[in-house]
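Below is one structure, written out as C-alpha cells; the observations come after it.
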Amino acid sequence: MALCSACGGTGGTYGGYKSCYRCGGSGHGGFTDQACMACGGSGSSNEREWNTCWNCGGAGTVADTQTWGSAGSQPRRRAPSGRGGAPPEPWTRTNTVAFLLAYVAGVAAILYVYEVEFWIPLALVFAPAVIIGRVWKQLVILGFVALAIWIFVAMND
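Letter 55 of the sequence shown, counting from 1, is numbered 503 in this note's numbering, and no numbers are missing.
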C-alpha cells in the first residue's frame, strides 16, 4: 500500500464552513431582520466540513501500482504517524441533551426501583449515558426498525 497522493495520507480535506446551527445559514435571527446572534449574520459556523478523499475513499492509502520485480528497487515509505481518516465527530448540543435525558432517566429508574443511596446511581449511570449521548441517532434508527418489524408481525398474525 502506498500513501494517497491526492490527500497526502490524511484521508480527506477540509471543505467549506457548515451552515449556522441557529439560523440555518440565512444570517437572520428568528422572526426579525436582525443579524443572527450565533454567527453574527454570516450564516456559517466556525466548524468546517470534512470531505473524504476522492482517490482513496478516506483510507489514506492506495494500492501499489508497482510490479513485483521493481518492489525491491525503491525504498519503502512509512505511513504518517497519527490517526488517519476523518476527524472524530464533535460533541454537539444535541449529544448533550441526549446524554442528560439518558442520565436523568437512568438515575431516576435506579432510585425508584432499587431505593439505593444517591451517589451509587450517579456513578452507575454515567458511562451508559455517555454512550447513549454519543450514539443516540443510531439508537433512534434501531428503535424505528424494531417498531416497524413489530407492526409488521402484529398485522400478519
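Positions of the beta carbon are idealized from the N, C-alpha and C atoms, including for glycine.
field: Validate contact between the region 556-565 and the region 591-605 using beta carbons, cut 8 angstroms, 3 pairs
entry: no
message: Quick check: G508 and G459, are their CB atoms within less than 7 angstroms of each other?
response: yes
query: What are the start and end residues of the alpha helix (DSSP H) that includes G581?
result: 567-603
Separation of F547 from I579, as counted between CA atoms: 8 angstroms
query: Between which two residues does the beta strand (DSSP E) carrying Y462 extend?
result: 460-467
- prompt: What are the boundary residues of the alpha helix (DSSP H) that includes R541?
  reply: 541-562
query: Quick check: the region 476-496 against the region 548-555, are there 3 or more CB pairs under 8 angstroms?
result: no
task: Tell me whether the beta-carbon of T461 lies closer than 7 angstroms to the beta-carbon of N494.
output: no
message: Taking the beta strand (DSSP E) that N494 belongs to, which residues open and close that run?
response: 492-500
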